[in-house]
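Comments concern the structure below.
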Amino acid sequence: MSSATGGGDSSSIAIVLDPSDPLATEPPVRWAVSHLADVLAGAGVTVRTDADSEADLVVNVAGAGDTGQSAGPEAFALSRPDGGEGRVGVAGADARGLAYGVLELADRARFTGDVLGELRATTPESQQAATPVRSILRTFTSDVEDKPWFYDREFWTDYLTELAVNRVNRFQLALGMQYNYGHHPATDNYFCFPYPFLLDVPGFDVRAGNVPDDERDRNLETLRFISDETKRRGMHFQLGLWNHAFDHGEGSDPLYPVTGVTPQNHATYSAAALSQLLNECPSIDGLTMRVHYEGGIPEPNHEEFWQTVMTAVGEVGRPIELDMHAKGVDQALVDIAQGTGLPVIVSAKYWAEHQGLPYHQTTIRERERATKEAGSGLMAITAFQRRFTRYGYGDFLREGSDLGLLFRIWPGTQKVLLWGDPELAAGYGRLGTFAGARGIELCEPLTFKGRKNTGEEGGRDPYADGSLRMGRDVWKKYLYTYRLWGRLLYNPDAQPDEWRRFLRAEYGNAAGAVEQALAPASRVLPLVTVVHGLGASNNGYWPEIYLNMPIAGGPNADHYERDTAKPPTFGGVSAFDPSMFYRVDEYADDAIAGRRDGRYTPLDVAEWLDGLADEAERNLATATGQAADPDAPVFRRLAVDVKVQAGLGRFFAGKSRAGVAYSLYERTRDAQHLGDAVAAYRQARDVWAGIVEETREVYRPDLTFGDLRSEHGHWADRLPAIEEDLANLERLHETARAEKNTPVKANLTVPRSARPRFTHPAPAGFSRGEDIAIDLVPSEASFDGHVVCHYRHVNQGEDFETAEMRWNGARYQVTVPGSYTDSDFALMYYFTIHDAGGDAWISPGLEDSLARQPYHLLRQRIH
0 MSSATGGGDS SSIAIVLDPS DPLATEPPVR WAVSHLADVL AGAGVTVRTD
50 ADSEADLVVN VAGAGDTGQS AGPEAFALSR PDGGEGRVGV AGADARGLAY
100 GVLELADRAR FTGDVLGELR ATTPESQQAA TPVRSILRTF TSDVEDKPWF
150 YDREFWTDYL TELAVNRVNR FQLALGMQYN YGHHPATDNY FCFPYPFLLD
200 VPGFDVRAGN VPDDERDRNL ETLRFISDET KRRGMHFQLG LWNHAFDHGE
250 GSDPLYPVTG VTPQNHATYS AAALSQLLNE CPSIDGLTMR VHYEGGIPEP
300 NHEEFWQTVM TAVGEVGRPI ELDMHAKGVD QALVDIAQGT GLPVIVSAKY
350 WAEHQGLPYH QTTIRERERA TKEAGSGLMA ITAFQRRFTR YGYGDFLREG
400 SDLGLLFRIW PGTQKVLLWG DPELAAGYGR LGTFAGARGI ELCEPLTFKG
450 RKNTGEEGGR DPYADGSLRM GRDVWKKYLY TYRLWGRLLY NPDAQPDEWR
500 RFLRAEYGNA AGAVEQALAP ASRVLPLVTV VHGLGASNNG YWPEIYLNMP
550 IAGGPNADHY ERDTAKPPTF GGVSAFDPSM FYRVDEYADD AIAGRRDGRY
600 TPLDVAEWLD GLADEAERNL ATATGQAADP DAPVFRRLAV DVKVQAGLGR
650 FFAGKSRAGV AYSLYERTRD AQHLGDAVAA YRQARDVWAG IVEETREVYR
700 PDLTFGDLRS EHGHWADRLP AIEEDLANLE RLHETARAEK NTPVKANLTV
750 PRSARPRFTH PAPAGFSRGE DIAIDLVPSE ASFDGHVVCH YRHVNQGEDF
800 ETAEMRWNGA RYQVTVPGSY TDSDFALMYY FTIHDAGGDA WISPGLEDSL
850 ARQPYHLLRQ RIH
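Here numbering that gives the first Met the number 0 is used: the sequence shown runs in plain steps of one and ends on residue 862.
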C-alpha cells in the first residue's frame, strides 16, 4: 500500500501537549500523538515537542480547548488558533475524541506527498459520533490457520492501529464461536471452552489435552498483550466466550479433549476460571457470551449455570460489560445479568446471519415466528417461545429500557470478495441506532476461514495465484472495508476525502473510477441476500459462492430443506423481508390475476441487479484504462472481485427472470413461458461460467469455511448443478412444445402508472397511550385510488395492523388508537398505495441507492 514518503526538505513540526490538561495526558491521546510522530518521521519530517521551537508548524493538542466542543462523547475539532498557517489546534470532548483528532492529522499526513502543505491547509471542522458502538469481530477458528496471526505481535500492532485510526471503538476477539453445540460435532476445538487453554485454575485439575503448559501460558500472555494494546489505542476490548461446552456433544472427536470438568463442577470451575482470567487481563472491558443452548448449556436448566458465572464476573470489582448474544434470551437471563449491577446489552443479528441492506427487516420470515407450544430438551426456550429472537432485534428495543442492544452483522453473505460501498456504509451509520440501539459489530472478512477442521497451512490467504498472495498481510486486502465501516459509522456525513485519500494512494489516477466500480458491485450480494432468503444460517447459505437452488427440481434442494419454505423450490423461497419483496410464485399468481400488491417484484430486483452490474463494469473499464499498471497485484485483486460481483448480479437477475417465467408456465401451461425461462437461464448459466473462468486460476480451488457442501468450494464446483437445472428446463420445454397444450388465458400486463408523488408530514413523536394522526398527501388531487397504512410496534414478534386510510378531499388520514400506542415500544409504519388500474407501490420504499429505510419510525417521548 502506498503512503507518504516524501518530505526530505528538512521541514519540522512540533506536537505540543499541555501537561496540565488531564485529557491530553490520557493513554489513548499519548498513543495517538506517538503515532502521528511516527508517521511524520517516516515521511522525513523532523518532529519536535517544544512550542517555542522554530518549527514550520505547531500542532497544539488540548482537551476541549477554546473550541467550545460540547457535542458529546468522542467528538473532536480541528482549528487554526492564529488564523494563519503556523498553528493547528486539536481539541476533543474526551480522550477518545481528542485521539481521533490527532489520528485524523496522522491519516492526512500518511497519504500525501507534501506533509507540511497538507497539514498547513487544515481548515476548521468538527465531527461527532453518530453511532455509539462501532465494533469489529475477529474470531479464532482454526488452530492451523489462526495461530500464526494470534501470536504475531507485529500483526496486532498494525491491525489494531488501523482500526483505531478509522474510529472503530470496540474490538471483539471471539473464542469458541466456530462450533454450535447440538449442531456441530467438534474436532478442531482450540479455544472452545477456552479456560483450560489459558489458565491453570487452583483447586481444579482441569486441562486441555495436547496443549503443553508453556503453550497455555503463552496463550494467556498473548491475550493480555492484545487486550492491553487495544485499550492503549482507546478501544474497548471485548472478549468473546462463545462456547462453554466441555464435552462438545454427540459424535465429537476433539483434537484437544478437556478433562477434569464434570456436570457437577462445570459452573463453579467456569466461574473461578473467568474470575482469574479477568484479574490476569485487566484490560478486558467486556464479555460476549452465547447463553442459549448452542453455547453448550442445555435449556431450560441453563439459568443456574449463568447465575453462577455472571455473579462471579460481578464480583471482580470493575464495570465489565455483559453482552448476551440475543438468540433465546428471555427475561430470566436479563434479570440474572442485570442483577450483577454490571452494564448489560444483548447483541442481535442484523439480517439473520448475513449482510443485507442497511435497514432492518420490516417483517421476519414465517419460520422465525414464535410457537405457542412449550418446548423441552436441549432447545426448550430458544426454539419455541423465543424463536423470534433468532435473526433480528426481537422484542428487545423497548422504549426507556436500560438494556442496551447491539446489532451484529454475521459473515454469511460475503466471506472473500472485497466489499466497499460508501452509500451502504453510511446507511448502516444512520440505521445502526434504530429505535435506540447502540450500534453495530461487523464480523470481518474471512471470518470462519478454516472452520470445523478444514484449515490448512497458509490457507487463510484465499489466493491460488502466487502473484496475488498476501500471506500474513491478507487482512490488508480489506483496508478499504475497515475504513468505510469505521468512519461512516462514526459519521455518515463524512467528507469523501476520508476514504478517497486511501484510494488515491492505492490506485492513483484510477481512484475515482475504482470507487464508482466497487460501490455498485458491493450492493449486489446484500440485495440478493434480502430478496432470496434461502437460508438464515451462514453455514447453510453462502450467496457469494451459491449452492444452486433448482428452479425445475434437481440437485441441492435437499440441502435447503431445514431452513427454507417447503417444498424447497426457487419459486417458493421467501425473502428475508416478506413485507417488501414478493416470492417468485406469489408474483406469478398476482401477475396472472392482473394485479400488484405493492411489494417489489422479482423483475424489479432483476432490473436493479442488471443496473448495478452495468455501472460496476462500465466504471471498472474506465479504471483499467486509467490505472498506471492494470497488472499490478493490488489492481488485479480489485478488478477480479468487481467482475465476480457484477457477474453474480447478472446471474441472479437472469435466474429471477427464469424463475418467474417457469412459475407462469406452471400456472398457464403456456410453452412460451418455458421458452422464456430457458433463454433467461442460459444467459445466467453463461455468466456463471464466466465467473468460473475469471476465478479459476486466481482463487484456491477449495475456499474452506466449514465442512458442509455450502461452506467450502469454488465457483467451478457450483456450475454442474446449474447446468443440470437448466437441462431439466430444456427437456420440459421440448416436451411442452410437443404436447401443444391449450394455455390458460391470463392477463399478464398490469400497467405501471405514472405514479404521483406523496408527502408525509411525519409526527415528531408520541406519548404513550395517545392517539396518533397519520396523514399522506398526494401531489395530484385527482389521484384515483386508495391507500392502506401498515403499522406495528417495534417488536418482531408481532404482526402488522392494517387500516384503510380515509380521503378528506385533500389528504389521506388514519388514526392509530391510544389503546395500541399504550405499550413499551416505538411505532413503525408504511403505506401501500393502490391506483385504479391495479398498480400498487410502497411508500416510502427503497430508493435507487438501496440505503434507506422503507418505512417510518416514530419514537415515544420518554418523560
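Glycine included, each C-beta is placed from N, C-alpha and C at the ideal position.
Keep in mind that this is a model prediction, so the values were computed, not measured.
Note down the Cα distance separating residue i from residue j, rounded to an integer number of angstroms.
i, j, result
"ARG450", "ASP113", "45 Å"
"ALA94", "GLU25", "6 Å"
"GLY7", "ALA688", "Confidence at GLY7 is low in this model, with a pLDDT of 49, below 50, so its placement is unreliable and no value can be given for it."
"TRP837", "VAL167", "For clarity, residue 837 is Gly in the given sequence; the question names Trp instead. One C-alpha to the other measures close to 48 Å."
"PHE634", "LEU502", "11 Å"
"GLY327", "HIS265", "21 Å"
"GLY438", "THR388", "18 Å"
"LEU197", "GLN275", "10 Å"
"VAL641", "GLY71", "39 Å"
"ALA173", "THR287", "8 Å"
"GLY470", "TYR158", "14 Å"
"TRP541", "PRO762", "41 Å"
"HIS243", "ALA463", "36 Å"
"ALA839", "ARG754", "9 Å"
"THR122", "ALA98", "18 Å"
"HIS711", "LEU136", "21 Å"
"ASP770", "MET804", "15 Å"
Give every residue of the same chain whose Cβ lies closer than 7 Å to the Cβ of residue i, excluding the five residues on either side of it in the sequence, and list them in chain order.
i, result
"ASP798", "ARG791"
"ALA336", "MET309, LEU321, MET323, VAL343"
"ASP65", "Annotation note: pLDDT 47 at ASP65 (below 50); position unreliable, coordinate value reported separately. Excluding sequence neighbours, ASP65 sits near nothing in its chain."
"LEU718", "TRP687, ALA688, VAL691"
"ASP783", "ASP834, ALA835"
"ALA493", "ARG486, LEU487"
"GLU722", "ARG684"
With a Cβ-Cβ cutoff of 7 Å, do residue i and residue j count as a contact?
i, j, result
"VAL530", "VAL643", "no"
"ALA36", "VAL46", "yes"
"ARG486", "PHE110", "no"
"ASN547", "ALA720", "yes"
"ALA901", "GLY62", "Look at the range of the chain in this structure, 0 to 862, and you will see that residue 901 is not part of it."
"TYR390", "ALA535", "yes"
"SER885", "CYS280", "Absent from the model: residue 885. The displayed extent of the chain is 0 to 862, so no value can be given."
"VAL38", "LEU102", "no"
"THR600", "TYR586", "yes"
"SER709", "GLY552", "no"
"PHE866", "THR267", "What is shown of the chain runs 0 to 862, which leaves residue 866 out entirely."
"VAL787", "THR801", "yes"
"LEU533", "TYR559", "yes"
"LEU673", "ALA735", "yes"
"VAL868", "ALA23", "Absent from the structure is residue 868, since the part of the chain shown begins at 0 and ends at 862."
"ASN555", "ARG668", "no"
"ASP329", "ARG385", "yes"
"ILE380", "GLU314", "no"
"TYR661", "ILE550", "yes"
Once the 5 residues before and after residue i are set aside, which same chain residues still bring their CB inside 6 Å of it?
i, result
"ALA128", "GLU73, TYR489"
"ARG429", "PRO491"
"TRP418", "THR480, SER521"
"PHE245", "PHE192, VAL257, VAL260"
"ILE363", "GLY391, GLN795"
Closer than 8 Å by C-beta to residue i: which residues in its own chain qualify, once you throw out the five before and the five after it? Chain order, please.
i, result
"GLY421", "Note on residue identity: the sequence assigns Pro, not Gly, to residue 421. Around PRO421: LEU483, LEU487, PRO495, TRP498, GLU514, ALA518."
"VAL143", "ASP187, GLY449, GLY454, GLU455, GLU456, GLY458"
Of all the CB atoms in chain C, is at least one closer than 7 Å to the CB of residue i?
i, result
"VAL776", "Looking for chain C here will not work: only one protein chain is present."
field: At least 3 beta-carbon pairs within less than 8 Å: the region 499-513 vs the region 620-635
entry: yes
Check: Are the region 454-472 and the region 422-441 touching, with three or more C-beta to C-beta distances below 8 Å?
Finding: As far as the Cβ criterion goes, the region 454-472 does not touch the region 422-441, which means the pair count is below three.
So, does the region 561-573 touch the region 470-484, judging by three or more C-beta pairs under 8 Å?
no
Validate contact between the region 232-245 and the region 26-35 using beta carbons, cut 8 Å, 3 pairs: yes
Check your understanding: Can you list the alpha helix (DSSP H) stretches of 4 or more residues lying completely in the region 135-177, in chain order?
Key -> 142-150, 152-164
Count the C-beta pairs between the region 178-188 and the region 250-260 that are closer than 8 Å, then say yes if the count reaches three, no if not.
yes
Item to check | Segment contact flag, the region 588-598 with the region 831-847, C-beta cutoff 8 Å, min 3 pairs | outcome: Because the criterion of three Cβ pairs below 8 Å is met, the region 588-598 and the region 831-847 touch.
Decide yes or no for the touch test of the region 801-817 against the region 774-782: beta carbon pairs closer than 8 Å, at least 3 of them. Because the criterion of three Cβ pairs below 8 Å is met, the region 801-817 and the region 774-782 touch.
Would you be able to state if there are at least three C-beta pairs under 8 Å between the region 7-23 and the region 50-58? yes
Review point. At what residue ranges does the region 466-498 contain a whole run of the alpha helix (DSSP H), taking only runs of 4 or more?
Key: The qualifying runs are 478-489.
Suppose only complete runs of 3+ residues qualify. What are the beta strand (DSSP E) ranges in the region 20-97, listed by chain order? 45-47, 56-60, 75-78, 86-91
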